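Data block below; observations after.
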Amino acid sequence: MALAAGCTPDASGAGTGTGTGTAPAPSSTAPGTAATPDSTPSSTPSASSTDDKPPSPSAPPTTGTPASKPLMGEGTETEQVRELQARLRQLDFFDRAPTGFYGTMTAASVRKFQAHRGLPKTGSVDEKTWQTLLSVTRKPTADELKPSTTNKLDTPDPRCMTGRVMCISKESRTLAWMIDGRVVSSMDVRFGSENTPTREGLFKVEWKAKDWTSTIYHTPMPYAMFFSRGQAVHYSADFAARGYAGASHGCVNVRDRTKLSALFDQVKVGDKVVVYW
């Protein structure tokens, strides 16, 4: 059965294709011979950012003093990064919900904070930067660390009100996992570009693959749930790092890996998918 099975972020924010490839017959998980080991955001190729490269070493001080070892830098994905983002948000240096992934947006926010406090503008967090940030912020609340969504949920499409369904609104850019009309969980999403749009309509989950890698672009698509000829809901490290500055080639990107992992375990092959405005 021929099936497109590859979506990847577009470098300029406009997709260039939906991708084609041969995929296995529908099943609850993709065959192990077609999948590759799950990759972390630090290993995901990206043509438009350095989010997926190892952190660059800080430039040595002109005084000859050894540079402080970074505690966090680009490519790091930890709960400490989530706290960093929440604290930067308290000071209006970070303007989105914490993700726990240290990408280019986080690095830029750290540079702004360092410049504001007279620290070396490395874009990575050493002990001095971290202690300075702790001294001028408070401990983040649970809601600050993990808000339900950045975007407000849309009114559910009528087709979402019965059964088990991933209810995906292009208007609010959210995915609501609903069972018999009740919202169980929700998360932010982004879609394909104007040239490679995410298809709208009523679909069903055709097959799932926890560790899928695009057969076209050779980029990881963790927690992929395919619903329409190669278009899938899946985690995107690029979305986690750059937000809405980019776009997919038609897939529904999710930037909260933890939430999507939990959703992946709950969704079954055959569950409904509704994509609507």
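In numbering that gives the first Met the number 0, the protein residues as written are 0 to 276. A virtual CB, placed ideally from N, CA and C, is assigned to each residue, including glycine. Treat the numbers as computed from the prediction; the structure is a model and nothing was measured.
Check: Cβ pair count under 8 angstroms reaching 3, the segment 96-108 against the segment 66-84; Outcome: yes
Check: Collapsed DSSP secondary structure at K209 in the structure displayed; Outcome: coil
Check: Euclidean distance between Cα positions of R198 and P219; Outcome: 21 angstroms
Check: Between the CA atoms of T136 and S227 - distance to the nearest angstrom; Outcome: 45 angstroms
Check: Buried or exposed by the 16-neighbour rule on C-beta atoms within 10 Å, applied to P221; Outcome: buried
Check: Contact the segment 109-122 vs the segment 152-168: 3+ CB pairs below 8 angstroms; Outcome: no
Check: Beta-carbon contacts of V288 that lie in its chain and below 6 angstroms, excluding the five residues immediately before and after; Outcome: This structure gives no information on residue 288, because the portion of the chain shown stretches from 0 to 276.
Check: First and last residue of the uninterrupted alpha helix (DSSP H) at K68; Outcome: K68 -> no alpha helix (DSSP H), and no H or E assigned at all.
Check: Buried versus exposed, by CB contacts within 10 Å (16 or more), G249; Outcome: buried
Check: Three CB pairs or more closer than 8 angstroms across the segment 247-266 and the segment 187-194; Outcome: yes
Check: Residues sharing a beta bridge with S227, DSSP; Outcome: Q230
Check: Check whether V109 and G200 have beta carbons under 9 angstroms apart; Outcome: no
Check: Span separating the alpha-carbon of L87 from that of S67; Outcome: 21 angstroms
Check: Close-in-space but distant-in-sequence residues of the same chain around E143 (CB under 6 angstroms, 5 per side omitted); Outcome: A85
Check: 7 angstroms CB neighbourhood of D156 in its chain, flanking five on each side removed; Outcome: C166, V273 and Y275
Check: S235 versus T161 - alpha carbon distance; Outcome: 29 angstroms
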